[in-house]
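These protein sequences, in sequence, are chains R and E.
Heads up: the first sequence begins at 1 in the UniProt record's numbering, then just goes up one per residue.
Heads up: the second sequence begins at 1 in the UniProt record's numbering, then just goes up one per residue.
Glycine is no exception: its CB is placed at the ideal position from the N, C-alpha and C atoms.
Everything numeric in this text was worked out from a predicted model, so none of it was measured.
Heads up: the structure comes next, in structure tokens.
2 protein chains.
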Amino acid sequence: MKKEKVRERIIRVASELFYKQGYNSTGINQIIAEADIAIGSLYNHFSSKNDLLQAYLVKEELDWFEGFENSVSKISEPKEKILALIDYRKKLQETSKFAGCQFIKIVSEIGEGNPSVSGFARQHKEKQKEVIRTIVNEYAAQTKQADPDLLAENIFLLIEGAVITSTINRENNSFDQVKKLVRGLLP
Amino acid sequence: MKKEKVRERIIRVASELFYKQGYNSTGINQIIAEADIAIGSLYNHFSSKNDLLQAYLVKEELDWFEGFENSVSKISEPKEKILALIDYRKKLQETSKFAGCQFIKIVSEIGEGNPSVSGFARQHKEKQKEVIRTIVNEYAAQTKQADPDLLAENIFLLIEGAVITSTINRENNSFDQVKKLVRGLLP
DNA sequence: GTCTATAGCTAGATAGAC
DNA sequence: GTCTATCTAGCTATAGAC
């Protein structure tokens with residue numbers, strides 16, 4: 001295992017804090033304290049707090065898709081892939097103690113006050129939806145599904161609803177109920 | 001029309017700012033400037049910024065249910081009530097320029113850092129779900145629905161997903177797709 | 001490239017005159 | 001009960017020694 005470089009440590013620490021506490025509630029001073037570096041070092045690697053925020057979003061997107069690929073790589077059946085995606089989001093909620101989706105959170109906090117952030121989040125969610133659409137199209141090719149795009153959109157919405165609901169309620173029932181419905185939608 | 005009292009004006013101004021900009025991004029100084037009062041007056045009516053936050057949440061909950069009642073009061077068919085609820089959330093998104101759900105936003109921003117806030121949001125969402133459950137049970141009584149609670153849960157999740165997605169994408173397509181699916185689920 | 005010291009500003013909150 | 005003046009603490013960011 002290579003030694004973690006300073007820049008990577010900063011991103012890791014900042015990401016954890018932005019995610020758990022929120023971006024505005026996380027100060028530069030807290031980041032440098034927990035990363036155990038001086039403030040001059042931080043500003044040597046990042047030009048501003050907003051610059052760190054961009055690095056956070058890039059990292060979270062990479063992690064998301066990496067984790068997703070690991071979750072479905074051994075599965076060939078489209079229907080099982082969808083169920084594995086739901087289980088993946090469920091697992092992310094558990095391991096983060098129901099901290100929610102990073103991209104929903106940052107849009108909720110900053111919104112259109114920072115267009116590059118909201119634009120990034122928009123693109124990220126579009127990629128997630130595209131993943132679902134691809135799988136549903138595989139499924140539709142096998143089973144003559146009536147309207148695969150509508151189906152993909154609604155599976156996406158159900159999962160998003162489950163994530164936000166599980167965040168608010170701090171429990172994961174919603175994912176199981178989504179799985180029940182999705183099993184019905186994908187007979 | 002009675003003259004708006006100072007306390008009401010503070011709550012109105014603060015609510016708009018908390019909703020549009022976020023709670024942490026809204027300063028006391030901005031609130032008193034836009035409400036056109038002195039800071040001493042604000043702290044005469046509210047003991048802290050957190051106290052204002054509580055008043056904001058109470059107000060938004062009242063407004064939500066008042067608006068909902070207005071939207072469905074003239075409708076008797078359960079299925080149409082569900083569709084009217086979806087249209088209500090859609091209209092809220094349009095009139096707020098896709099600012100999203102106040103309760104999802106505040107939980108995303110503050111989370112468990114303020115348990116009384118997250119608890120309030122949790123209860124609010126439970127009330128929304130109860131509304132759906134009541135309507136779906138009416139529907140089930142007429143049509144021998146297999147599992148009305150599962151159906152209600154999934155309609156709730158679809159709507160939450162549509163709200164968050166319409167907020168991120170700044171357009172309302174999701175609600176129309178939810179309506180299509182719900183029409184299928186309520187034959 | 002990492003450090004310390006600090007500038008410059010804004011936050012939430014309080015005191016006391018009127 | 002509304003006002004002005006002010007406190008303390010925190011913020012992001014920069015300067016300059018090493």
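Run the CB neighbour count on residue i, radius 10 Å, all protein chains shown included, and call it buried at 16 or more, exposed below.
| i | result |
| --- | --- |
| R/Q93 | buried |
| E/Q99 | It is worth fixing the name first, because residue 99 of chain E is Ala in this sequence and not Gln. Answer is buried; the Cβ neighbour count reaches 16. |
| R/K129 | buried |
| R/L186 | buried |
| E/S76 | exposed |
| R/N154 | buried |
| E/G27 | exposed |
| R/K74 | exposed |
| E/G119 | exposed |
| R/Q177 | buried |
Under the assumption that residue i contacts residue j (Cβ atoms under 8 angstroms), give the Cβ distance between them as a whole number of angstroms.
| i | j | result |
| --- | --- | --- |
| E/A152 | E/V136 | 4 angstroms |
| R/I168 | E/R122 | 5 angstroms |
| R/Y56 | R/S116 | In fact, because the Cβ distance is near 13 angstroms, the residues do not count as touching under 8 angstroms. |
| R/R9 | R/A35 | 5 angstroms |
| R/F103 | R/K125 | 6 angstroms |
Can the beta-carbon of residue i be found closer than 8 angstroms to that of residue j?
| i | j | result |
| --- | --- | --- |
| E/K79 | E/Y19 | no |
| E/G161 | R/L158 | yes |
| R/F156 | R/S166 | no |
| R/G113 | E/S25 | yes |
| E/I11 | E/K59 | yes |
| R/V72 | R/L85 | yes |
| R/L150 | E/K180 | yes |
| E/E109 | R/G22 | yes |
| R/S41 | R/V6 | yes |
| R/V182 | R/L52 | no |
| R/N172 | R/K81 | no |
| R/G67 | R/Y43 | no |
Could you name each continuous alpha helix (DSSP H) segment of 4 residues or more that falls completely within the stretch 15 to 57 of chain E, going from the start of the chain to the end? 28 to 35 and 39 to 45
Output the residue ranges of the alpha helix (DSSP H) runs that lie fully inside the stretch 137 to 179 of chain E and measure 4 residues or longer, sorted by chain position. 148 to 169
Short-range partners of chain E found in the stretch 155 to 172 of chain R, where Cβ spacing is below 9 angstroms: F156, L157, L158, I159, E160, G161, A162, V163, I164, T165, T167, I168, N169 and R170
Mind pulling the alpha helix (DSSP H) runs of 4 or more residues that sit fully within the stretch 59 to 127 of chain R? 78 to 95 and 102 to 110
Determine which residues of the stretch 5 to 36 of chain R have a Cβ less than 9 angstroms from any Cβ of chain E, and write them out in chain order. K20, Q21, G22, Y23, N24 and S25
Beta carbons nearer than 7 angstroms to chain E: which residues of the stretch 172 to 185 of chain R have them? S174, Q177, V178, K180 and L181
At a Cβ cut of 9 angstroms, what residues of the stretch 109 to 121 of chain E count as close to chain R, listed as they run along the chain? Result list: E109, I110, G111, E112, G113, S118 and A121.
Residues in the stretch 127 to 151 of chain R having any Cβ partner in chain E nearer than 7 angstroms: Flagged, chain order: L150.
Near-chain E residues of the stretch 70 to 81 of chain R - C-beta to any C-beta below 8 angstroms: none
Residues in the stretch 46 to 63 of chain E with C-beta within 9 angstroms of chain R's C-beta atoms, listed in sequence order? none
For the stretch 82 to 104 of chain E, enumerate the residues whose C-beta is nearer than 8 angstroms to any C-beta of chain R, in chain order. A99, G100, F103 and I104
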